[in-house]
Amino acid sequence: MGDNVIKLAVIVGSTRKGRFAPVVSNWFAGQARQRGDVEVDVLDLADVGLPDVLHGFGEEPADEVKLVSPRLAEADAFVVVTPEYNHSFPAPLKSAIDWHYTEWQAKPVGFVSYGGVGGGLRAVEQLRQVFAELHAVTVRDTVSFHGAWSRFDDDGGPVDPEGVNGAAKTMLDQLVWWGSALREARAARPYGS
């Protein structure tokens, strides 16, 4: 991986049966993979099966957590793909966030949200608060799909590609800038030292 390439972990936050998340995350990962400055790692929480009960302090984490932790630690930046459930984000996503701490620190986070009228934006606003507590930097611009189920065609592509592809590019530009800058800063002076 070259100095000008960031490793981006795309976290698929919904584990619900019959979920729409793969449509949205596949589109976004495809947008990111078109760039020469991003290496994409898609982390689908439905595939990893993280436990929902956190271990006690000083206890060894579950094997599932040990498989996810290095992927998050290696990432220079994150994109969380989330629906909105009851004006918030899914519980499995919160568990995945809470299983980790230092993996998020001094790294940028972007959001791709989807839902009904709100487009998942209430979930994003709550996630901003959570990631601030973890010393992560959330980028300003997001990608959101209001009435998401009617925003994609049968092949999984957006029906209005120009608008959402442009929004994805803007957010990815910000993530690449922050991801590169913060990686250099962590290398020069580890965060928290």
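Quick note: to get the working numbering, add 1268 to the position in the sequence shown (first position is 1).
Think of the CB as a built atom: it goes at the ideal place given N, C-alpha and C, for glycine as much as any other residue.
Asked	Found
Cβ neighbour criterion (16 or more within 10 Å) applied to Arg1419	buried
Rounded C-alpha distance that separates Leu1395 from Pro1360	13 Å
Straight-line Cα distance separating Arg1454 from Gly1460	9 Å
Buried versus exposed, by CB contacts within 10 Å (16 or more), Leu1450	buried
Endpoints, the alpha helix (DSSP H) within which Leu1230 is located	This structure gives no information on residue 1230, because the portion of the chain shown stretches from 1269 to 1461.
Contact belief for Leu1311 with Val1280 at Cβ below 8 Å, rounded distance in angstroms	7 Å
Buried/exposed call for Gln1429, threshold 16 Cβ in 10 Å	Before going further, note that residue 1429 is Pro rather than Gln in the sequence given. Classification for Pro1429: exposed.
Selected residue, minimal CA-CA separation from Val1321, among Asp1315, Ala1314, Val1333	Val1333
Leu1313 versus Ser1337: straight-line alpha-carbon distance, rounded	13 Å
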